[in-house]
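One structure below.
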Amino acid sequence: MTGKSGASPFLFLNQKPTLTSHSKSYDVSSPITDGIAIINVEGEESFRLISANEAFLQTISSEGQNPIGKHINMMIWGDNVDDNKLQSHLEKSLIEKKPLAYIWQITIAGEKKTLLCKIIPLRTKEGDIAQISVSTSDFDDCETLEIEVSRYNYYDELTGLPNRFKFYEELEKMLFETNSTRDGFFDKKGVEGAVLFINVRKLQRINESYGYEKGDDALQAVAKMLLETIQENSILARFADDQFVIFLSGRYFENVKREAETLAKSIHHNFATRTTASKNDPRISVSVGIATGLANAKTIEQLIQHAHLAMKRNKNVDSNQTVIFNPELKTQAATKLRLETEFREALAADALELNYQPVVNLQNGLISGFEALARWNNTQRGNISPLEFIALAEEAGLIIQLGEWALTTACKDLKSWIDDNFLASSLFMAVNVSSSHIIAGNIVALTRDALAKSGLDGSNLKLELTESTIMENSDIARNILLDLKTYGLSLAVDDFGTGYSSLSYLSRIPADTIKIDRSFTSKLDNNQEGSNIIRVIIDLAKSLGMTIIAEGIETKAQMQKLKDLGCHYGQGFFFSKAMSADKIPDLINDQPFKKLIK
């Protein structure tokens, strides 16, 4: 046996494959004895060899011709004229969208060889499979080879846990044994079972902020923690990238629902109390969804689907809670899917609009700027809450597109008001920035383009980021914020006081403004504690040379207390709700809030 587990298809050493080359030279070179190739996917049954090393090419009967650029189904493999194993497994890997391995017995120049062939789909950023990596390893120990193929096809390489295919196989075996009658017949009623669907929160953020090695470490830590938490006779598997599943059978647990809930509590407790190896390691948390019911060959996938729905609902609530599936979740999921489709269509058709809430100087009542707020009037459902459709945009991957539209539109609107009225020349436009923009790293380019298209000066733009957006992406956020500042704009920390509220992080980022969250403003009427907290925030901001904006001002008493405490600016229903763009020019001219300030 020349290879124990086969070489990684990515081991190109110092020479990476030239993926677009069809030249006479062989694009992948490596001194190792394993065969390595890169294959282009050109259709469901069309695969073209674009790169390979010498070890792989030795399996091809090319009669002196360069096989690079040829289709796989046109090649002769060794002495086997009718061998189509690689073609059929490539098709299977593409259809199932998963890696796989198989034993390839081939005769080359009269010598019989047994190869372990591994196939790995390579995805683009959009998730499409554009190429497939193939590696071949020479084996002479058939027993070891069988074990290796089974391990590759049915176990997760990173965590060592069973994969989803092994999970289904083990469930079928367990359910068959459980439901078999003494006469050997199968009882279709099924066995009581519970599925826990577990999602690692913000794994992509860990990958982006700390690197993929840290992401892999996090997944291994999750697998280890879950293994230490589950009881005997539980089935645990890595279901997908950041997802794990556990199955509990009524054959081994008297009350699977109660057992599943107890297990979920233990999982949350263990992750909450876990100490990281160093203070720089990311803290890991998980979302858990549970589904229980009769499990048989027909309903097990449904149970998993229900647990997945519950987990997705849990992603929107506190991480230390567990959501248990109920039929209403399925109805909500269908409604949400329809709403997502309608939102996607509205965004594409430019059917959303921006409203603008004035930000008022608390010392003289003059309008200092506006905050741009997206609104969606659905033709069938009426006005949809921004909390609902913005969360929908985040989940559907539309938040970048929504943010680009809002930023560009807001800049154009303010520029038009300035062009029509010199009184507007000193106003600022505040636009919210999502954490997705920071993670994607495109907010600098979006801002540059919005300013260029609108002609708005950077000094008239204020970008707002929440505390959590900055802190959870601290390693990349600071550099991005510094780049944004080169355009002359200002930066505001939104919802201040609800998260980290750390002097150390405030002093490290180039923020100009702190926005006091409305939850503190609402306590000003009859709560001394609210006044004390706001006083501390204002003193902190002033010590750092920052301006302060209070959100959610609804009463005259709140406005007066904020003014007395030294808050610079305020916004809220006491002054005005957000207005459509066509009403803003008159508002700038009239300056109606001066009479509210004494």
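Residues in the sequence shown are numbered consecutively from 2, following my numbering.
Cβ coordinates follow ideal geometry from the N, Cα and C atoms, glycine included.
Quick caveat, the model's predicted, so the values are computed rather than measured.
Neighbour-count burial assignment, residue i, 16 or more Cβ in a 10 Å radius
i    : result
K584 : exposed
M547 : buried
H307 : buried
M75  : exposed
V135 : buried
H90  : buried
I471 : buried
S435 : buried
G212 : exposed
Q132 : buried
E45  : exposed
K596 : exposed
N1   : Because the chain here runs from 2 to 599, residue 1 falls outside it and cannot be looked at.
L87  : buried
R124 : exposed
P122 : buried
Nearest-angstrom beta carbon gap, residue j and residue i [assumed within contact, 8 Å]
i    : j    : result
I444 : I481 : 6 Å
E173 : L295 : The pair is not a contact, with the Cβ atoms about 15 Å apart (cut-off 8 Å).
F371 : Q358 : 6 Å
L51  : N41  : A quick correction: the sequence has Ile, not Leu, at residue 51. Yes, they are in contact, since the Cβ atoms of I51 and N41 sit about 5 Å apart, within 8 Å.
I325 : A311 : 6 Å
N271 : M226 : 6 Å
A397 : E346 : So it is not a contact: roughly 12 Å between Cβ atoms.
T467 : D496 : 5 Å
F594 : G366 : 4 Å
L447 : M430 : No, L447 and M430 are not in contact; Cβ-Cβ is about 14 Å, not under 8 Å.
A407 : I400 : Actually they do not touch by this definition, with Cβ atoms about 10 Å apart.
S267 : R202 : Between R202 and S267 the Cβ distance is about 17 Å, and since that is not below 8 Å, they are no contact.
F57  : T137 : 6 Å
Coil, strand or helix - residue i by DSSP
i    : result
Q592 : coil
P10  : Reliability of the predicted coordinates at P10 is poor, the pLDDT of 30 falling under 50, and no value is obtained from them.
A352 : coil
H72  : strand
E158 : coil
I96  : helix
Y570 : strand
Y342 : The question names Tyr, but residue 342 in the sequence shown is Thr. Helix, per DSSP.
T21  : Model confidence at T21 stands at a pLDDT of 32, short of 50, so the residue's coordinates are unreliable; what they give is reported in the following sentence. In the structure shown, T21 sits in coil (DSSP, three-state: anything other than H, G, I, E or B).
D139 : strand
D224 : The amino acid at residue 224 is misidentified as Asp; the sequence shows Ala. In this structure, A224 counts as helix in the three-state DSSP scheme.
R239 : strand
L601 : Nothing can be reported for residue 601: it is not among the residues displayed for the chain, which extend from 2 to 599.
L399 : coil
K113 : strand
D420 : helix
N67  : coil
N533 : helix
P586 : helix
L408 : helix
M547 : coil
R252 : coil
Y153 : helix
S267 : helix
Beta-carbon proximity check, residue i vs residue j, cutoff 7 Å
i    : j    : result
E260 : L249 : yes
I538 : I510 : no
I549 : T522 : no
F168 : G290 : no
W105 : L116 : yes
A558 : G571 : no
N356 : L374 : yes
T108 : G79  : yes
A195 : T300 : no
D243 : L204 : yes
L101 : I120 : yes
I77  : S62  : yes
I589 : A478 : no
T332 : A265 : no
L162 : A238 : yes
L566 : I515 : no
Per DSSP, cross-strand counterpart(s) of residue i
i    : result
W377 : I385
T323 : V289
E465 : N433 and A493
G44  : S47
N81  : W78
G216 : Paired residues: none, contrary to the question.
I61  : W78
Interface flag, residue i vs chain D, CB-CB below 7 Å
i    : result
Y169 : The structure shown contains no chain D; it holds only a single protein chain.
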